Amino acid sequence: MLEYFTGLNPEIKEKAEKIKLLVTDVDGVLTDSGIIYDNSGMEYKRFNAKDGFVVHPLKKNGILVGAISGRKSKVVEDRFEELKFDFHYHGIWDKDKKLREILEVLEISYDEVAYIGDDLIDLPLLKKVGFSICPADTFDYVKNEVDFVSSKQGGHGVFREVGDLILESKGLLQMVIDKYADK
195 MLEYFTGLNP EIKEKAEKIK LLVTDVDGVL TDSGIIYDNS GMEYKRFNAK
245 DGFVVHPLKK NGILVGAISG RKSKVVEDRF EELKFDFHYH GIWDKDKKLR
295 EILEVLEISY DEVAYIGDDL IDLPLLKKVG FSICPADTFD YVKNEVDFVS
345 SKQGGHGVFR EVGDLILESK GLLQMVIDKY ADK
């Protein structure tokens, strides 16, 4: 096990090892929750490139990647298309209903899903999935409901940390690292 993950609770490793689908919220997870509008109404968001870099290794190793967001945002849709997420839904307030529909199509159970969320709208999913995660800078009432609190704040590598954790739990992370290190 990589040094970063030594001392990891065995129960967390066991939950992460079962994951076939990683789903994330957007604002507060992939971003720092900030929404910037210019005078003409253009919306801007800042994403962490390190989060995006783990998508390909996850997918290459059979782990599906998706997003369900409560807000509609063209810039977010464009980011997910660029990263080739398996699915992304926007303007969804009943995230549990949407995930249930997705799982029926994919024939995946809640136990095989990891979900990263940070706010009230995410609580129903965080309480249902097999592996629930939140950023370090979320509210205590969300932290109290999850399996794993990331060491990272929203917009600062939460998704990457979780992706790496899932790959490590499945014994795949070192192989991914070696591929890029050209060993």
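Position in the sequence shown (from 1) plus 194 gives the number in the working numbering.
Where a beta carbon is used, it is the ideal one built from N, C-alpha and C, also for glycine.
All values reported here derive from a predicted model rather than from experimental measurement.
Indicate the three-state DSSP secondary structure (helix, strand or coil) for residue 357 in the structure shown. helix
DSSP-derived helix/strand/coil call for residue 241: coil
For the beta strand (DSSP E) that contains residue 258, what are its first and last residues? 258–262
Those residues which DSSP pairs with residue 307 across a bridge: 215
Using the three-state DSSP reduction, which class does residue 363 fall into: helix, strand or coil? helix
Residues in the same chain with beta-carbon distance under 7 Å from residue 218, minus the five sequence neighbours each way, listed in chain order, please. 224, 261, 310 and 353
Could you give the distance in angstroms between the alpha-carbon of residue 290 and the alpha-carbon of residue 303? Rounded to the nearest angstrom, the two C-alpha atoms are 13 Å apart.
Mapping DSSP to helix, strand and coil, what is residue 279? coil
Sub-7 Å separation of residue 227 and residue 348 beta-carbons: yes
Grab me the residues of residue 366's own chain with a C-beta within less than 6 Å of its C-beta, minus the 5 sequence neighbours each way, in chain order. 255
Going by C-alpha distance, which of 276, 277, 271 and 294 is nearest residue 283? Selection 276, 277, 271 and 294 evaluated against residue 283 yields 271 as nearest (Cα-Cα).
From residue 202 to residue 209, what distance separates their C-alpha atoms? When the Cα atoms are used, residue 202 and residue 209 turn out to be separated by approximately 12 Å.
Range of the contiguous alpha helix (DSSP H) that encloses residue 296: 289–300
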